[in-house]
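This report refers to the structure that appears directly beneath it.
Residue numbers (the numbering used here): 73 to 628.
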């Protein structure tokens, strides 16, 4: 139950502290006094989106604090636990939200920082605000199905249908893709078989183009290069090369050294040793040159075979509009496509079986949901009949019409709320059949039936009595008071009949000093309450007759 609402610097409100009570709380005031500001402020504290200029002009920031008393079994306790937010047993739950003039927003739950989404999750268990904008949803057949599902309370059934529909859509897509792929492959079957056979026979290898090109270039230049390298070999070990010449020099030096005295023999011996070392280096050089000559040997037939393979490889690549290096990947891709085509019938049969299975699952889930909706519709129709009587619409008939609809994620039903205002009169959508006053009463009855009857819930109605007066307004007020007997109801009203039935009454008024305009809310004592209801009956000029009529309404 909403116990305290504190507002600071919000739109036209400077500072306001309201202490609400159990039962029927009514808020009245002249048009434009600021009743909507009060509801907007509460909505802001509950995490709802609000106007951008919510901070009062001239203030740095505005804030709204809503304090709730909760019974031990209130569902808000579970939500707080899921959000890991503080929850002290027996202590009030405090929601607070702050807005700065530069547009920043911050929220708090029991003084712990909380997001707007967290505020909304908790607030959903605390307050139901039935504003004038909600009527559009109740009158729109597009949302009647979801309203009936919410009334029925079978989220497991709706989730099962949604999951089965998603699985069925996925299975349909997979089957469609497989069929399209097989049809495409069928058109290309001859090409695939020929291309795969050709590529398999050729067997291109990664990097083969570069390897063949290198080998070809080497063989093409081998003859010229070999001539030059052979000259080098002759210069090293040929008859007139370095090796024979050095050999002669070594013999001559050794002969002279053998015949010389030690002084002369010493440099000659050193020279001989150096020549011997040169022979070792020459041998290594000769080995390298001979190895190069071996590499430069080639068979003209091998060159021909290399060129044929290289040219064929490049021709095959041009044929398939790829580079030579991409041919191995192309071969694997085309082989895979051919294999999938050959296995396509089996794959399609498997996918068809999968689709049939999920279709059966969807049908079963949708039928279970339809049966539950039919049962819920019967309960809702009976509940509406019970609500319409006290609202002086005993002869009206409300029917939840369920008809077949295209299959979808919400099942196979179309749901429409229809009414007949008199026996024998045709039924139809509420907004087409009911008059203005009847529409208000139908909407009140619907809101009462569809609302969550959780312990500790605060229900707020914004001008639910518009378009009615006299005895009908009295009936609406009595229904609201009966509803308040189960908890707390707050009503914004222009009807003196409804206001007179309130157990707690506040007046909303706007004042101005010529420079600043402010909205204020004050609780009414018994005498002030008489004057306010008299004003609602007769206007700004209060007469004894109007006060007497107001007392009569209050005392009835």
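Virtual Cβ for every residue (Gly too), placed ideally from N, Cα, C.
Quantities reported herein were computed from a predicted structural model and do not represent experimental measurements.
Reduced DSSP secondary structure (H/G/I, E/B, other) of residue i
i	result
residue 151	helix
residue 218	helix
residue 91	strand
residue 118	coil
residue 368	coil
residue 487	strand
residue 73	coil
residue 97	strand
residue 501	strand
residue 179	strand
residue 200	strand
residue 576	strand
residue 82	strand
residue 172	strand
residue 186	strand
residue 279	coil
residue 134	strand
residue 540	coil
Residue i to residue j span [Cα, whole Å]
i	j	result
residue 182	residue 127	22 Å
residue 470	residue 489	7 Å
residue 619	residue 229	56 Å
residue 549	residue 242	53 Å
residue 408	residue 255	15 Å
residue 115	residue 569	27 Å
residue 76	residue 603	26 Å
residue 43	residue 117	Because the chain here runs from 73 to 628, residue 43 falls outside it and cannot be looked at.
residue 225	residue 146	18 Å
residue 365	residue 262	51 Å
residue 611	residue 574	20 Å
residue 383	residue 318	51 Å
residue 418	residue 260	19 Å
residue 103	residue 566	9 Å
residue 343	residue 367	36 Å
residue 219	residue 479	19 Å
residue 386	residue 411	26 Å
residue 300	residue 405	48 Å
residue 572	residue 622	8 Å
residue 170	residue 121	13 Å
residue 166	residue 233	38 Å
residue 461	residue 543	13 Å
residue 559	residue 215	28 Å
residue 598	residue 109	26 Å
residue 640	residue 197	Since the first residue shown for the chain is 73 and the last is 628, residue 640 is missing from the structure and cannot be characterised.
residue 323	residue 284	51 Å
residue 515	residue 457	13 Å
residue 583	residue 123	22 Å
residue 607	residue 440	55 Å
Cross-strand partners of residue i (DSSP beta bridge)
i	result
residue 165	140
residue 476	485
residue 662	Because the chain is modelled from 73 through 628, residue 662 falls outside the range shown and cannot be assessed.
residue 553	For residue 553, which the question treats as bridged, DSSP gives no partner whatsoever.
residue 533	202, 563
residue 492	469
Residue nearest to residue i in terms of C-alpha spacing, selected from the options
i	options	result
residue 452	438, 441, 472, 465	472
residue 238	433, 317, 262, 475	433
residue 577	97, 559, 542	97
residue 475	213, 188, 313	213
residue 373	164, 156, 291, 328	291
residue 562	199, 306, 210	199
residue 381	448, 288, 369	288
residue 92	531, 581, 582, 308	531
residue 240	495, 499, 437	437
residue 151	180, 322, 190	190
residue 393	341, 357, 267	267
residue 492	465, 485, 196	465
residue 352	308, 131, 547	308
Along the chain, which unbroken stretches of the alpha helix (DSSP H) at least 4 residues long are found entirely within the stretch 326-399? 334-367, 372-391
Which parts of the stretch 413-440 are runs of the beta strand (DSSP E), unbroken and 3 residues or longer, counting only runs that do not cross its ends? List check, beta strand (DSSP E) in window: nothing returned.
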